[in-house]
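The structure appears right after this line, and notes come after that.
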Amino acid sequence: MQVPSLLKPSSVALPPLYQWPTPVKRTILAVTIALCAAFYILLAVGVVSVLVLAIGALAG
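Going by my numbering, 588 is the number at position 20 of the sequence shown; the sequence numbering is gapless.
This is the structure we're talking about:
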């Protein structure tokens, strides 16, 4: 069986994360934290809106 080219490691590999400059690591961390917070906020808004719709449907 042949391994697809997508799964083969590339010849240009990134260095280990501990060798990356600190500002780059902090930027990546800040972006991931912001994305996670945004997704949790969207999830909370969705849950609250579903609850409001359900309560509105039950109330008549």
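Glycine included, C-beta positions come from ideal geometry on N, C-alpha and C.
Integer Cβ distance of residue i from residue j, believed to fall under 8 Å
| i | j | result |
| --- | --- | --- |
| residue 582 | residue 593 | About 12 Å separates the two Cβ atoms, so there is no contact after all. |
Separation of residue j from residue i, as counted between CA atoms
| i | j | result |
| --- | --- | --- |
| residue 570 | residue 580 | 21 Å |
| residue 626 | residue 609 | 26 Å |
Heavy atom of the ligand HEM within 7 Å of residue i beta-carbon
| i | result |
| --- | --- |
| residue 592 | For the structure depicted, the ligand HEM is absent and the ligand set is empty, with no information on it obtainable. |
Extent of the continuous alpha helix (DSSP H) to which residue i belongs
| i | result |
| --- | --- |
| residue 614 | 590-627 |
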